[in-house]
Each structure stands twice: as C-alpha cells, then as structure tokens.
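Below is one structure, written out as structure tokens; comments come after it.
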Amino acid sequence: FSDFLAYQEKPGSPLVCGSPASFELRYETRPGDRAQNVHVSIGIYTLLDENVLYLSNDLVGAEFSDLPERASFICHIDKLPLAAATYSINLYCTVNGTLADWVIDAARISVEQGDYFGTGRLVPSTHSKILVPHTWQVEI
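If you're matching positions, the sequence shown starts at 291 in the working numbering and goes up one per residue.
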C-alpha cells in the first residue's frame, strides 16, 4: 500500500461516530503488473491491541479480479459504529492467494463523539468501543 486515508465525506474531514466514513487504501504494483484475485482487509484495534472491527472485501462479496497498476480501494461505512477514541489500523492484502502486503499499526485514526442513535444522548467511551442499532420493547 502506498497510502491510507480515513475520512467522513472527503479526505481531511474528521471521523465522527454515527456518520458516514470511508477508508481509502492506495496501491501501486510494479510497472506492467496487474493485480488479480485481490483480497484486502482492514483491522481496527484499540491502542491496547484489542480487535474491534474487521472489514474485508471477501466478506461482503466485493471481488477484485483484475486491477490496474495504480488505484485505490475504498471501503464505505454508512454509519460508523466506533465510539470516540483513537484506534490502530492494520492493513492486509493477498494477490492470487499470496501475501502481497501486511502492515501492522499502519496508521492511527481518531473518532470524534457523535449522536449515533439520533437521540441527543452520547455513549461514554468507557462503556463501549462499538455501537449497533437496537430496539427495546416490553412484553406482557
């Protein structure tokens, strides 16, 4: 990978809990090479090395079978589920089943506090690292 960017709407904009987010991995191959059958993943960890989130093109059925020499992989998240904190990023890539790149602690991202649930109530960072939509009800 030649670069990693994390942003809300455009490069340089901050990541906010509950807002859209994009993770961009720029890559280059050797001149004349084309990457085929590519698997890319992003591991997001706390600064204590606890795995919080795993993003992979394989898991969502996004196949990258024949790619140009230079481009970007972009992973979009509609509603960032990470609580406010600083996280470490691991990047992993295979081409035709062979390890092409694996960078541990490739970058650090900071997520700002946001109104994930749309209620005006914020989740204390001491209570959770990841947020998920949920509902409650009473049954009798």
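Even for Gly, the Cβ is constructed at its ideal location relative to N, Cα and C. Bear in mind that the values here come from a model prediction, so they are computed numbers and not experimental data.
Alpha carbon of residue i to alpha carbon of residue j, nearest angstrom
i	j	result
valine 328	arginine 411	41 Å
threonine 425	threonine 409	13 Å
leucine 441	glycine 322	This structure does not reach residue 441, given that the chain is present from 291 up to 430, and the question cannot be answered.
proline 423	glutamate 359	39 Å
asparagine 347	isoleucine 430	43 Å
leucine 370	proline 414	16 Å
Proximity to residue i [Cα-Cα], best of the options
i	options	result
serine 362	His424, Ser312, Asn386, Ala396	Ser312
tyrosine 297	Asp356, His417, Tyr335, Ile364	Ile364
alanine 374	Ser400, Glu318, Leu338	Ser400
glutamate 402	Phe294, Ser292, Asp293, Pro304	Pro304
serine 292	Glu314, Glu299, Pro301	Glu314
leucine 295	Arg398, Leu338, Ile394	Arg398
leucine 349	Gly302, Thr388, Ile332	Ile332
Proximity of residue i and residue j at Cβ, strictly below 8 Å
i	j	result
proline 310	aspartate 405	no
tyrosine 335	tyrosine 377	yes
leucine 372	lysine 419	yes
isoleucine 379	alanine 396	yes
DSSP beta-bridge partners of residue i
i	result
valine 330	Cys383
leucine 275	Here the chain has residues from 291 to 430 only, and residue 275 is not among them.
leucine 389	Thr384
Stretch pair the region 316-330 + the region 343-363: three plus CB contacts closer than 8 Å
A contact is defined here as three or more CB-CB pairs under 8 Å, and the region 316-330 meets this definition with respect to the region 343-363.
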